[in-house]
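As given, the protein sequences belong to chains A and B, one line each in that order. Residues 1 to 197, numbered by my numbering, are exactly what the first sequence covers, in order. Residues 1 to 219, numbered by my numbering, are exactly what the second sequence covers, in order. Just below is one structure, and these are the notes that go with it.
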Amino acid sequence: MIEPADHVEAKGGDARNREELRLAARIGRRDLKAFETIYRRYQPRLARFLLHILRRPHLVEEVLDDTLMVLWNRPDSFAGRSKLSTWLFSIAYRKAMMALRKQEDPIEDQAGEERISPGSSPEQHAGANRVKTVLLEALSRLSADHRAVVDLTYFHEMGYREIAQIMDCPVDTVKTRMFHARRHLRQELAGEFSDWV
Amino acid sequence: MADIIFLRDDPHRSTQMLLPWYVNGQLDASDAAAVEAHLCQCDACRAALDEEARLKKEIAALPVHADLGWEKLQRRLAPDLMDLQDDVRRPEKQPRFHQAWRNMARPAVLGAFAGAQIMLLAVAVLAFRPMADRAEYRSLGAPAARPGGNAIVMFRPDAVEQDMRLALDHAGARIVEGPTAAGAYVLNISPDRRDAALRDLQERSFILLAQPIEPDPPR
Numbered sequence: 001m002i003e004p005a006d007h008v009e010a011k012g013g014d015a016r017n018r019e020e021l022r023l024a025a026r027i028g029r030r031d032l033k034a035f036e037t038i039y040r041r042y043q044p045r046l047a048r049f050l051l052h053i054l055r056r057p058h059l060v061e062e063v064l065d066d067t068l069m070v071l072w073n074r075p076d077s078f079a080g081r082s083k084l085s086t087w088l089f090s091i092a093y094r095k096a097m098m099a100l101r102k103q104e105d106p107i108e109d110q111a112g113e114e115r116i117s118p119g120s121s122p123e124q125h126a127g128a129n130r131v132k133t134v135l136l137e138a139l140s141r142l143s144a145d146h147r148a149v150v151d152l153t154y155f156h157e158m159g160y161r162e163i164a165q166i167m168d169c170p171v172d173t174v175k176t177r178m179f180h181a182r183r184h185l186r187q188e189l190a191g192e193f194s195d196w197v
Numbered sequence: 001m002a003d004i005i006f007l008r009d010d011p012h013r014s015t016q017m018l019l020p021w022y023v024n025g026q027l028d029a030s031d032a033a034a035v036e037a038h039l040c041q042c043d044a045c046r047a048a049l050d051e052e053a054r055l056k057k058e059i060a061a062l063p064v065h066a067d068l069g070w071e072k073l074q075r076r077l078a079p080d081l082m083d084l085q086d087d088v089r090r091p092e093k094q095p096r097f098h099q100a101w102r103n104m105a106r107p108a109v110l111g112a113f114a115g116a117q118i119m120l121l122a123v124a125v126l127a128f129r130p131m132a133d134r135a136e137y138r139s140l141g142a143p144a145a146r147p148g149g150n151a152i153v154m155f156r157p158d159a160v161e162q163d164m165r166l167a168l169d170h171a172g173a174r175i176v177e178g179p180t181a182a183g184a185y186v187l188n189i190s191p192d193r194r195d196a197a198l199r200d201l202q203e204r205s206f207i208l209l210a211q212p213i214e215p216d217p218p219r
């Protein structure tokens, strides 16, 4: 399993942070091996995060590459005041939101909340796959900001303060976004999974 | 979706808001103590805590087979993904990093990015694949999978059939195979207008991906 940042931290996050600071310093000296280490460590996690926000694979690739290339091209911009993970996710988030704004046809479905879920009938899905399908559809009807908070909280297991840093917003905004997102997910799931949620 | 006002003085409301991070073990000590104190006296919040744990578990397990780890995932998917890599050509406009990469021209870095591209395809395949049995998978590289096809397209799950039909008609594209396990359809487009047709398809909000692939060689 890909280890979430804060889960890893519980097992020795300080050591990992120190190691990543050393790797960042080596990257500043144009050490490609150090960059490859960081790339391999963060690429899967950032890919998942960006896919949740952007929902367009070709955009994910571009934003992900741009994000990690910031570390290679401008290593001095990471001053070490935050964890490297926070810094990278913050860049990824900003670039993703910029990419979304550039899209002429936004993929967001802003009116989705007011609609009854058009999901397929339960007979068309089976067991766990049905859960996944409905959850994916429910997530797709959230805004990019709400999806970001959900993914950072549930998958990457970040705290609300770190998420607030990444999204450059007040901590209370993170809490309320998560509150709304969970309420939306529960509403979407209630009909399908009354015995589950 | 507007943000709401956070009522700090309402322990029930505060607890409801903090539950995701209580489940994660990411709360400050003071917040954790307040949540635990309220949980002791609120049945509704204890029930919500159970729901929260289940929701977190399901969502954390969603699109990426994270329990495999990257190396395992790469090994497991490499054959299929290599087929995809062979077939799905890059769009004409290359991402900016490719230029920098080419300039650096270092094998270690090239290897890292090759791995990155494989991973990206893995994410795309896993996130958008229909829930079909593994045995039904046929790679796009298999000749029988794309007779006469020279492009692939993936639609959003909620795409409307009429929009899909009109888009394909406008692009002059004909579906010759699909859906694949990745949820893609193989298209046949007149070669002289394929690039323009793909650009047209890529601009549609209900299309997740439209990429050229090389047609089968003459037999």
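Built from N, CA and C at the ideal position, the CB exists for glycine as well. Model, not experiment: these values are computed from the prediction.
Beta-carbon of residue i versus every beta-carbon of chain B: anything under 8 Å?
i: residue 158 (chain A); result: yes
i: residue 155 (chain A); result: yes
i: residue 20 (chain A); result: no
i: residue 95 (chain A); result: no
i: residue 179 (chain A); result: yes
i: residue 188 (chain A); result: no
i: residue 150 (chain A); result: yes
i: residue 57 (chain A); result: yes
With distances taken Cα to Cα, identify the nearest neighbour of residue i among the options.
i: residue 180 (chain A); options: A:36, A:38, A:139, A:164; result: A:139
i: residue 50 (chain B); options: B:203, B:19, B:33; result: B:19
i: residue 53 (chain A); options: A:101, A:182, A:162; result: A:101
i: residue 58 (chain B); options: A:172, A:163, A:153; result: A:153
i: residue 41 (chain A); options: A:66, A:26, A:84, A:30; result: A:84
i: residue 191 (chain B); options: B:156, B:184, B:148; result: B:148
i: residue 10 (chain B); options: B:178, B:158, B:162, B:31; result: B:31
i: residue 168 (chain A); options: A:70, A:90, A:103; result: A:90
Indicate the three-state DSSP secondary structure (helix, strand or coil) for residue i in the structure shown.
i: residue 67 (chain B); result: For residue 67 (chain B), the predicted structure reports a pLDDT of 33, less than 50, and the residue's modelled location is therefore unreliable. A value from the coordinates is still provided. Three-state result, residue 67 (chain B): helix.
i: residue 190 (chain A); result: helix
i: residue 178 (chain A); result: helix
i: residue 155 (chain A); result: coil
i: residue 188 (chain B); result: strand
i: residue 212 (chain B); result: strand
i: residue 61 (chain B); result: coil
i: residue 155 (chain B); result: strand
i: residue 30 (chain B); result: helix
i: residue 202 (chain B); result: helix
i: residue 174 (chain B); result: strand
Spatial neighbours of residue i within its chain, please: C-beta separation below 6 Å, excluding the five flanking residues on both sides.
i: residue 63 (chain A); result: 50, 95, 96, 99
i: residue 210 (chain B); result: 153, 198, 201, 202
i: residue 28 (chain A); result: 75
i: residue 157 (chain B); result: none
Considering only residues of the same chain and omitting the five flanking positions on each side of residue i, which have a CB-CB separation below 8 Å?
i: residue 189 (chain B); result: 150, 151, 171, 172, 173, 174, 197, 198
i: residue 160 (chain B); result: 206
i: residue 194 (chain B); result: 150, 151, 212
Would you please verify whether the beta carbon of residue i is less than 8 Å from any beta carbon of chain A?
i: residue 177 (chain B); result: no
i: residue 152 (chain B); result: no
i: residue 7 (chain B); result: Caution applies to residue 7 (chain B), whose pLDDT of 48 falls short of 50 and renders its modelled position unreliable; the model cannot decide the point.
i: residue 157 (chain B); result: yes
i: residue 41 (chain B); result: no
i: residue 164 (chain B); result: no
i: residue 213 (chain B); result: no
i: residue 209 (chain B); result: yes
So, for residue i: in the same chain, excluding its five sequence neighbours on each side, which residues have a beta-carbon less than 7 Å away from its beta-carbon?
i: residue 86 (chain A); result: 162, 165, 166
i: residue 208 (chain B); result: 128, 154, 155, 156
So, does the stretch 57 to 67 of chain A touch the stretch 129 to 136 of chain A, judging by three or more C-beta pairs under 8 Å? no
Below 8 Å, how does it come out for the stretch 172 to 186 of chain A and the stretch 68 to 87 of chain A: are there three or more Cβ pairs, yes or no? no
Whether or not the stretch 34 to 49 of chain B and the stretch 32 to 39 of chain A are in contact is what I'm after, with contact meaning three or more pairs of Cβ atoms, one per stretch, closer than 8 Å; do they touch? no
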